[in-house]
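Chemist:
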Amino acid sequence: MVKAIVGANWGDEGKGKITDLFAESADVVVRFQGGANAGHTIINDYGRFALHTLPSGVFYPNITNIIGNGVALDIHKLISELQSLEESNVPKPHLIVSDRAHVLMPYHILLDSYEEDRLAGKAYGSTKSGIAPFYSDKVSKIGIQVNELYDDALLKERLEKVCELKNALIVHLYHKDPLDPNTLYEEMVLQRELIRPYIGNVSAFLRKALQEGKTVLLEGQLGTMKDPDFGIYPMTTSSNTLAAYGCIGAGIPPRYLKDILAVTKAYSSSVGGGDFVSEIFGEEADELRIRGGDKGEFGATTGRPRRVGWFDAVATRYGAEMQGATEVCLTCLDVLSYLDEIKICTAYEIDGETTKEFPVTHLLKDAKPVYTTLPGWKCDIHGITDINLLPKEALAYVDFIEKEIGVPIKLFSTGPKRHEIIYRTPKIDLI
């Protein structure tokens, strides 16, 4: 069985915690897209961790953790994460890196930084991790796969050609020093030895695992709104964030993907640019940002303060639909416990018309939120795991969201730790 755990919104929904939770009963966890530009925060008995490349199953010694061919592989960051686990006394994880994964090269990071600086006030809000240049090279067929690092003649030839192309930009557009192919070659020789022990034929491994009846989790990065096809383009990431891409980014036949769990927060948050209809500002936003998550609403990778807002049912319904969600997990319900009243964006007003359909990007700038206000519960529910101990207002809030998004909310979290979770029987009529 294959289960995908993906984001319904802008990312930062709490997917890492949920993947870590479901990994207890899984055999394999696969990262299938994205790079080290976003992090999954996990809190367990070993401590608090922000994983950027490693799959969220690395805390279980029985799990095989896989970095799929769809991932932007930053080798140095991967090794650094492995070392940080070792320093925290986490047992060495069983890790396989796809021999077909593409390598994020040093010049990808340089070019990302140079371009953001050039764009200045019109920048895309990149984390400067090299993601956009990486995926651009991959589809332009000038990327370098992991397996190609071990063919010296091929690697040198590739680096000569790519340096000729990149230096035209670096010298004449960005006015920076040119790349040296020999220096790059020496660096990649060092990097290839760092990951040599982990390389394998991932698609063959997964086919065998599925034939044996193993359970596989596909772990997505970011969320629907950051997908380059169906998100708020161009303020998106550069890899497809939808569950459907999981089959490609992991090398799994689509027929195996049966369950898709979309994760969404009980309010909205986002890092980076793009229109954000239910966003709030000022003191109201500051208080929610400070109370949010386990250490406030600040990016796990960048530390940047996240933009925050009320729960956006329009965006979340669309996000869940595009993911093909069969169920939803609502995280961070406990964060809202301080509020007398809680708003939910149930529709957009665009050019005088009200709609519940999420629009194309250029119409978002004119969209105004239409809110429904529900009573808060004004008591601390942090860490509660018995649904019978929740106030009726908190349950009513979950039920209302479930009806609005049209997908059953089968579990929700009341804290950042692994088992601060409540399982429930959905209330909506799915017919």
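In the working numbering, the protein residues as written are -15 to 415.
Cβ atoms here follow ideal geometry from the backbone N, Cα and C, with glycine treated the same way.
Predicted model only: the values in this text are computed from it and were never measured.
1. Using only CA atoms, which one of Ser253, Pro117, Gly(-5), Cys231 lies nearest to Ser187?
2. Determine whether the beta carbon atoms of Ser223 and Ala351 lie at a separation below 9 angstroms.
3. Could you tell me which of Ala34, Pro343, Lys76 sits nearest to Gly215, measuring between CA atoms?
4. By Cβ distance, which residues of its chain are closer than 6 angstroms to Pro429, with the 5 residues on each side in sequence left out?
5. State the Cα-Cα distance for the pair Lys340 and Ser321, rounded to the nearest angstrom.
6. Could you check the C-alpha separation between Lys(-1) and Leu245 for me, to the nearest Å?
7. Tell me which same chain residues have a C-beta within less than 8 angstroms of the C-beta of Ile264, skipping the five on either side of it?
8. Take Thr208 as the anchor and find which of Phe282, Gly308, His156, Leu168 has the nearest alpha-carbon.
9. Could you name the residues of the same chain whose beta carbon sits closer than 8 angstroms to that of Phe118, not counting the 5 residues immediately before and after it, in chain order?
10. Please report how far the alpha carbon of Leu374 lies from the alpha carbon of Leu69, in whole angstroms.
11. Using the beta-carbon count (16 or more within 10 Å), is Ala378 buried or exposed?
12. With a cut-off of 8 angstroms, do at least 3 Cβ pairs link the segment 323 to 333 to the segment 395 to 406?
13. Any idea what DSSP makes of Val255, helix, strand or coil?
14. Mark Arg180 as exposed unless 16 or more other C-beta atoms lie within 10 angstroms of its C-beta, in which case mark it buried.
15. List the DSSP bridge partners of Lys401.
16. Checking 9 angstroms against the spacing of the C-beta atoms, do Ser82 and Asn185 come in under that value?
17. In chain order, what residues of the same chain have a beta carbon less than 8 angstroms from the beta carbon of Thr369, not counting five sequence neighbours either side?
18. I need the straight-line Cα distance from Leu194 to Arg102, nearest angstrom please.
19. Classify Arg301: buried if its beta carbon has 16 or more other beta carbons within 10 angstroms, exposed otherwise.
20. By DSSP, does Ser262 sit in helix, in strand, or in coil?
21. To the nearest angstrom, how far is it from the Cα of Leu178 to the Cα of His36?
22. Going by other Cβ atoms of all chains shown within 10 Å of its Cβ, with 16 needed for buried, is Tyr30 buried or exposed?
23. Could you tell me whether the Cβ of Glu70 comes closer than 9 angstroms to any Cβ of chain D?
24. Out of Leu157, Tyr158, Ile154, Glu144, which has the shortest C-alpha to C-alpha gap to Leu168?
Modeler: Checking against the coordinates, here is how it stands:
1. Ser187 has its Cα closest to that of Cys231, out of Ser253, Pro117, Gly(-5), Cys231.
2. Not a contact, by the Cβ cut-off of 9 angstroms.
3. Closest by alpha carbon: Pro343.
4. For the chain, the structure presents residues -15 to 415; residue 429 sits outside this window and is missing.
5. If you draw a straight line from the Cα of Lys340 to the Cα of Ser321, it is about 27 angstroms long.
6. C-alpha separation (whole angstroms): 10 angstroms.
7. Cβ within range, chain order: Leu272, Val292, Gly293, Trp294.
8. Among Phe282, Gly308, His156, Leu168, the Cα nearest to that of Thr208 belongs to Gly308.
9. Excluding sequence positions up to five before and after Phe118, its CB lies within less than 8 angstroms of the CB of Gly19, Ala56, His86, Leu88, Met89, His92, Gly127, Ser222, all in the same chain and listed in chain order.
10. Cα-Cα distance, rounded: 36 angstroms.
11. Taking a 10 Å sphere around the C-beta of Ala378, we find 16 or more other C-beta atoms and assign the residue as buried.
12. Short answer: they don't touch.
13. Three-state DSSP puts Val255 in coil, outside helix and strand.
14. Answer is exposed; the Cβ neighbour count stays below 16.
15. Among the bridge pairs identified by DSSP, Lys401 is matched with Ile27.
16. Yes, these two residues count as a Cβ contact at 9 angstroms.
17. Excluding residues within five positions, the ones whose Cβ falls inside 8 angstroms are Thr398, His403, Glu404, Ile405, Ile406.
18. Counting only the Cα atoms, Arg102 lies some 47 angstroms from Leu194.
19. Arg301 should be labelled buried.
20. In the structure shown, Ser262 falls within a coil segment according to DSSP collapsed to helix, strand and coil.
21. The straight-line gap from Cα to Cα measures roughly 18 angstroms.
22. Counting other Cβ atoms within 10 Å of its Cβ, Tyr30 stays below 16 and is therefore classed as exposed.
23. The structure shown contains no chain D; it is built from a single protein chain.
24. Comparing Cα positions, the closest option is Glu144.
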